[in-house]
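Enquirer:
2 protein chains.
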Amino acid sequence: MNEQDFLAAYDPRDYPAVAVTVDVVALTIRDGALHLLLIRRAAPPYAGHWALPGGFVRPDEDLAAGARRELAEETGLGGERLRRVHLEQLATYGQPDRDPRMRVVSVAHLAFAPDLPDPVADTDADDAIWLPVTALTSRQLAFDHGQIIDDGLERARSKLEYAPLATRFLEPEFTITELRAVYETVWGHPLHAGNFHRKVLSVPGFVESTGASTERGGARGGPRAKLYRAGDARLLHPALLRPAREETVR
Amino acid sequence: MNEQDFLAAYDPRDYPAVAVTVDVVALTIRDGALHLLLIRRAAPPYAGHWALPGGFVRPDEDLAAGARRELAEETGLGGERLRRVHLEQLATYGQPDRDPRMRVVSVAHLAFAPDLPDPVADTDADDAIWLPVTALTSRQLAFDHGQIIDDGLERARSKLEYAPLATRFLEPEFTITELRAVYETVWGHPLHAGNFHRKVLSVPGFVESTGASTERGGARGGPRAKLYRAGDARLLHPALLRPAREETVR
DNA sequence: TAAGTTGTTCTCAGGTTGAGTTGTTCTCAA
DNA sequence: TTGAGAACAACTCAACCTGAGAACAACTTA
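Note that the protein sequences, when read in sequence, are chains S and W. To convert, count from 1 in the first sequence and add 35; that's the working numbering. To convert, count from 1 in the second sequence and add 35; that's the working numbering.
1) Is W:GLY94 close to chain S, meaning its C-beta is less than 9 Å from at least one C-beta of that chain?
2) Considering only residues of the same chain and omitting the five flanking positions on each side of S:ARG133, which have a CB-CB separation below 7 Å?
3) For S:ARG307, collect the residues of the same chain with a Cβ closer than 7 Å to its Cβ; drop the 5 residues on either side in sequence, then sort them by chain order.
4) Go through its chain and collect everything with a Cβ distance to W:ASP267's Cβ below 6 Å, but skip five positions before and after it.
5) Among S:LEU176, S:VAL242 and S:PRO149, which one has its Cα closest to the Cα of S:ARG65?
6) Decide yes or no for the touch test of the region 252 to 267 of chain S against the region 199 to 208 of chain S: beta carbon pairs closer than 8 Å, at least 3 of them.
7) Taking 8 Å as the cut-off, is the C-beta of S:ARG269 nearer than that to any heavy atom in the ligand GDP?
8) Entirely within the region 139 to 198 of chain W and at least 3 residues each: give me those beta strand (DSSP E) ranges in chain order.
9) Give me the Cα-Cα distance between S:LEU226 and W:GLY246, rounded to the nearest whole angstrom.
10) Do the region 56 to 72 of chain S and the region 166 to 175 of chain S make contact, defined as three or more Cβ pairs closer than 8 Å?
11) Can you give the Cα-Cα distance for W:PRO207 and S:GLY83, rounded to whole angstroms?
12) Exposed or buried, S:GLU109, counting other C-beta atoms within 10 Å across all chains shown (16 or more means buried)?
13) Taking S:HIS224 as the reference, which of S:ALA68, S:ALA54, S:ALA61 and S:ALA52 has the closest Cα?
14) Sorted by chain position, which residues of the same chain lie with C-beta nearer than 7 Å to S:GLY181's C-beta, five sequence neighbours on each side aside?
15) Take every Cβ of the region 114 to 132 of chain W, pair it with every Cβ of the region 87 to 94 of chain W, and state whether three or more of those distances are shorter than 8 Å.
16) Measuring CA to CA, which of S:GLN175, S:GLY111, S:LEU171 and S:LEU195 is closest to S:PRO152?
17) Closer than 7 Å, Cβ to any Cβ of chain S: which residues of the region 119 to 147 of chain W, in chain order?
18) Is W:ARG76 buried or exposed, if buried means 16 or more other CB atoms sit within 10 Å of its CB?
19) Alpha carbons only, please: which of W:HIS232, W:ALA102, W:PHE204 and W:LYS194 is nearest the one belonging to W:LEU270?
20) For the region 51 to 81 of chain S, which segments carrying the beta strand (DSSP E) assignment without a break, of at least 3 residues, lie completely within its bounds, in sequence order?
21) When the cut-off is 9 Å and only beta carbons count, does W:VAL53 lie next to chain S?
22) Please list the partners that W:ASP97 has in chain S, where partner means a Cβ-to-Cβ separation under 8 Å.
23) Who are the near neighbours of S:GLY187 in its chain, counting only those whose CB is closer than 6 Å to its CB and skipping five residues on each side?
24) Can you tell me whether DSSP reads S:ARG133 as helix, strand or coil?
25) Can you have a look at W:VAL105 and say buried or exposed, based on whether 16 or more other CB atoms are within 10 angstroms of its CB?
26) Taking 9 Å as the cut-off, decide whether the C-beta atoms of S:ARG203 and S:VAL235 are in contact.
27) Does the Cβ of W:GLU213 have 16 or more other Cβ atoms within 10 Å, making it buried, or fewer, making it exposed?
28) Less than 9 Å between CB atoms is the rule here; does W:HIS272 satisfy it with respect to chain S?
29) For S:ARG103, which residues in the same chain have their Cβ closer than 8 Å to its Cβ, ignoring the five residues on either side in sequence?
30) Any beta carbon of chain W sitting closer than 9 Å to that of S:LEU275?
31) With distances taken from CA atoms, which of W:ARG93, W:ALA78 and W:THR249 is nearest W:THR158?
32) Is W:HIS227 helix, strand or coil when you go by DSSP?
33) Tell me the rounded alpha-carbon separation between S:ARG251 and S:LYS261.
34) Relative to the alpha-carbon of W:ALA143, which residue among S:TYR128, S:PRO154 and S:PHE147 has its alpha-carbon at the smallest distance?
35) Shorter than 9 Å from the beta carbon of S:ALA4 to some beta carbon of chain W?
36) Sorted by chain position, which residues of the same chain lie with C-beta nearer than 8 Å to S:GLN175's C-beta, five sequence neighbours on each side aside?
Right, dumping it as structure tokens:
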């Protein structure tokens, strides 16, 4: 049998029925706290529970494109602001019983966005909000989304160490203090301002100066801060070090 | 409609037909070189091309279980030696046209194994071999497997920096020199023996002494080396540093 | 105008790394 | 049996990086 004959005789129905979805762990920083985009499910299963935005992959759509589409649908975002959102694949979840309807394999994605407007619930959802990650309890979450969120947060925290993604939570021009606030918020640790400043400026390609400064000093005083934009590095060398957590060493 | 009614009325056929496969990038070290497990496809598409071992996920099988099953089928491995193989999810590949038959989403996995026997071709394959990664050209590879392999190699190289996985390429007891050889092989760089020794012993939980030594010195002389086994650390703190590659800085 | 806050730059001690050296134990071959 | 070479393990030392704190000027509000 040659290749053409083979393709003509091929029947997709011979293979087990599996659905593929994309889900998005979308993170942003609001009021100094890390927030996560969630929708409240209108339909069973898990009606009334909170869930990650997501849905079926369309037949001729790339996985990343599907995730970006789902994000756009929930946030009402488009154009340049949607393009500036960082989106990467997180992991794929495929436990046979994770969805009671049928075998659903979900390709989870992770998104970093600057402070965005309140989301708009679309047809599948009762409600859509940015929820502080500290307010989460996995009991309220549908499917295995609690696990996916945990994995996404851990990926986000570790990725800030070696990739210049903290800038994706900010506007195109930002101060070193604003950048430090992103790290402190995501890592949940205060950082030494002087050392952070020295480190950021010493890593090649992390940030570059715009030459300008802020219009005003801080809300409670202090000089005007210099403005920077993201540099062209794709990895931070040497990496920033996350403050040591409680050691699990016995 | 309550949840029970909903599930009864649910028809999987309403959703687009997608097939989900698992593929495995299995790495081992043979004769001081990094090798990759490949099969030669017997059937179209890409008959005669080299491909990663893999196949369809079974209906009641976890993704990781599917990957381990595919690996076992190709290597003839089982029991304790199969259990010692490190297996982790790598990434998911779902370009709509990556398989000419239909929409196939492949969840790729990465495996680290100690030196294993030659593989046995099963029914789907003409041949199965451990191929040195330096001998690869992506023209000979089926589907997007060249890309998957590149991603897997990069993951392996970076993961050795912060995870104690180099021991997975070795027998349960090993010498520091053997461990260093794993790093040199995967990273493609010679390392300073003295500094490597100091570093490995200083990272808590990386290795622990067995108290024993090798039976003989090195093939060309030298004292007997002390034997170690893997420690209980899951991450290396502080991480090992990979020698800087040619900087991409302008 | 005074008091307090903040951005930025120093200083300094301690730790880690890269490179090289030393001493000892072993294998191989003359 | 012995000498040459190899390899494990321990060491030294300079360079660099980090954490902690201090200094100081530029701003704010009261």
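Glycine included, C-beta positions come from ideal geometry on N, C-alpha and C. Note that this is a predicted model, so its numbers are computed, not measured.
Expert: Once the coordinates are examined:
1) Residue 94 of chain W is actually Pro in this sequence, not Gly. It does; some Cβ of chain S falls within 9 Å.
2) For S:ARG133, same chain residues with a beta-carbon under 7 Å away, outside a window of 5 residues either side, are VAL139, PHE178 and ASP179 in chain order.
3) Nothing about residue 307 of chain S can be read from this structure; chain S reaches only from 36 to 285.
4) GLY240, listed in sequence order.
5) That would be S:PRO149, whose Cα lies nearest to the Cα of S:ARG65.
6) Contact between the region 252 to 267 of chain S and the region 199 to 208 of chain S is present, because at least three Cβ pairs lie under 8 Å.
7) No copy of the ligand GDP occurs in the structure displayed, which carries no ligand at all.
8) Complete beta strand (DSSP E) runs here, min 3: 139 to 147 and 160 to 167.
9) Cα-Cα distance, rounded: 42 Å.
10) The region 56 to 72 of chain S vs the region 166 to 175 of chain S: in contact.
11) Going by the C-alpha atoms only, they are around 50 Å apart.
12) S:GLU109 counts as buried, since at least 16 other C-beta atoms from the protein chains shown sit within 10 angstroms of its C-beta.
13) Checking every option, the nearest Cα to that of S:HIS224 belongs to S:ALA68.
14) Correct list, in chain order: SER173.
15) With a cut-off of 8 Å, the region 87 to 94 of chain W and the region 114 to 132 of chain W do not count as touching, because too few Cβ pairs lie within range.
16) Answer by Cα proximity: S:GLY111.
17) Those residues of the region 119 to 147 of chain W that come within reach of chain S (Cβ to Cβ, closer than 7 Å) are GLN124, ALA126, THR127, GLY129, GLN130, PRO131, PRO135, ARG136, MET137, ARG138, VAL140 and VAL142.
18) Only buried fits W:ARG76, as 16 or more other CB atoms lie within 10 angstroms of its CB.
19) Per the Cα distances, W:LYS194.
20) Counting whole runs of 3 or more residues, the region 51 to 81 of chain S contains the beta strand (DSSP E) stretches 54 to 65 and 68 to 76.
21) Answer yes: the Cβ-Cβ gap between W:VAL53 and chain S drops below 9 Å somewhere.
22) Chain S residues near W:ASP97: GLY129, GLN130 and PRO131.
23) Within the same chain, Cβ atoms closer than 6 Å to the Cβ of S:GLY187 are found at VAL60, LEU125 and LEU145, the five residues on either side in sequence being excluded.
24) S:ARG133: coil per DSSP, three-state reduction.
25) Looking at the sequence shown, residue 105 of chain W is not Val but Glu. So W:GLU105 counts as buried.
26) Cβ atoms of S:ARG203 and S:VAL235: not closer than 9 Å.
27) Buried, since its Cβ has 16 or more Cβ neighbours within 10 Å.
28) Yes - at least one Cβ of chain S is within 9 Å of the one on W:HIS272.
29) Listed in chain order, the non-local C-beta contacts of S:ARG103 below 8 Å within the same chain comprise LEU117, VAL120 and LEU122, local neighbours out to five positions each way being set aside.
30) Answer no: the Cβ-Cβ gap between S:LEU275 and chain W never drops below 9 Å.
31) If you compare the alpha carbons of W:ARG93, W:ALA78 and W:THR249 with that of W:THR158, the shortest gap goes to W:ALA78.
32) In the three-state reduction of the DSSP assignment, W:HIS227 falls in the coil class.
33) In a straight line, the C-alpha of S:ARG251 is about 11 Å away from that of S:LYS261.
34) The residue with the shortest Cα to Cα distance from W:ALA143 is S:TYR128.
35) Given that chain S is displayed from residue 36 to residue 285, the structure contains no residue 4 of chain S and the question cannot be resolved.
36) Counting only Cβ-Cβ distances below 8 Å, and skipping sequence neighbours, we find HIS84 and TRP85.
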